[in-house]
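The structure appears right after this line, and notes come after that.
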Amino acid sequence: MIVERIVSKDDEKATVFFDNGEKLILHKDILYQSGLRKGDEVSSDRFGFLNNQETLYLIKQKAFRLLQRRIHTSRELYIKLRQKFSDELLIKNCLNELKQKGFINDREFALAFISEKQKSKKWSKAKIKSELIKRGVSNEIISEVLNQTFDTERETESAKELAQKKLSQIIKKENDKRKLFQKIMMYLQSKGYDYEMSSEVVKKILKSDDED
Numbered sequence: 004m005i006v007e008r009i010v011s012k013d014d015e016k017a018t019v020f021f022d023n024g025e026k027l028i029l030h031k032d033i034l035y036q037s038g039l040r041k042g043d044e045v046s047s048d049r050f051g052f053l054n055n056q057e058t059l060y061l062i063k064q065k066a067f068r069l070l071q072r073r074i075h076t077s078r079e080l081y082i083k084l085r086q087k088f089s090d091e092l093l094i095k096n097c098l099n100e101l102k103q104k105g106f107i108n109d110r111e112f113a114l115a116f117i118s119e120k121q122k123s124k125k126w127s128k129a130k131i132k133s134e135l136i137k138r139g140v141s142n143e144i145i146s147e148v149l150n151q152t153f154d155t156e157r158e159t160e161s162a163k164e165l166a167q168k169k170l171s172q173i174i175k176k177e178n179d180k181r182k183l184f185q186k187i188m189m190y191l192q193s194k195g196y197d198y199e200m201s202s203e204v205v206k207k208i209l210k211s212d213d214e215d
């Protein structure tokens, strides 16, 4: 096929018309890199290549917009990009390039996630691990980062704070110590704290409340 004419659509894109009725809408960066000119003969393979380059360009733009909002894991980006684009191979090529250039780093994501959730949300180690798995972080990275950074003392303090807060919410309506123990235990376990830690923390705050 022969390039019949090239028409600028706006500041960013141009339309390439071919003599067989086909057309390509390309970002001007892609067009300039291709070196296409009026009268050039373009094979079907090159046509497909240019079309893929344009799609890859759009995928990268979408990925960068998502990354500007917040840090993402590779899996999170993949899922969101698949909702908009159908070419799985181009998406994977984009993600590989972003990884190589440091725009995606699941280990850095895990470090930031653990710090934020333990400090502000007071999440347990188990809950953090579960959420990282959901986000597609590998078990190897999760284990490494949790062992390296997780603060067990802070986890215990967080459990105490949550238990104390729950106690203050329900103690006016419930005076039975056994029921208080059960309700606060269930609350802590719903937050991902294991039975042993939950039991120890609840016993301490109920004992402290009795002494007060």
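Quick note on numbering: the sequence shown equals residues 4 to 215 in the numbering used here.
For each residue, glycine too, the CB sits at the ideal point set by N, CA and C.
Coarse secondary structure for residue i, derived from DSSP in three states
i, result
"LYS128", "helix"
"PHE112", "helix"
"PHE21", "strand"
"ILE74", "coil"
"GLU15", "coil"
"LYS104", "coil"
"SER89", "coil"
"LEU61", "helix"
"LYS176", "coil"
"TYR196", "coil"
"ARG138", "coil"
Own chain partners of residue i with C-beta closer than 6 Å, once the 5 adjacent residues on each side are dropped
i, result
"ASP179", "none"
"PHE153", "LYS128"
"GLU177", "LEU183"
"SER146", "none"
Sequence-distant residues of its chain with Cβ nearer than 8 Å to residue i (five each side left out)
i, result
"ALA129", "GLY195, TYR196 and ASP197"
"SER202", "MET188"
"GLU7", "PHE20, PHE21, ASP22 and LYS41"
"GLN121", "ILE131, PHE153, ASP154, ARG157, GLU158 and SER161"
"ASN108", "LYS102"
Beta-ladder partner(s) of residue i, from DSSP
i, result
"GLU6", "Glu is not the amino acid found at residue 6; the sequence shown has Val there. For VAL6, which the question treats as bridged, DSSP gives the partners PHE21."
"LYS26", "PHE20"
"GLU44", "ILE5"
Contact test: residue i Cβ vs the ligand SAM heavy atom, cutoff 7 Å
i, result
"ALA66", "Ligands are entirely absent from the displayed structure, and the ligand SAM is therefore not among its contents."
Residue interval of the alpha helix (DSSP H) (run including residue i)
i, result
"ASN142", "142 to 152"
"ARG157", "155 to 173"
"ARG1", "The structure shown does not extend to residue 1, since the chain is modelled only from 4 through 215, so no value can be given for it."
"LEU39", "Unbroken run through LEU39: none, as it is neither H nor E."
Same chain, Cβ closer than 7 Å to residue i, neighbours up to 5 away in sequence not counted
i, result
"GLU15", "HIS30 and LYS31"
"GLU164", "LYS125"
"PHE184", "VAL205 and LEU209"
"GLU119", "none"
"LEU70", "PHE106"
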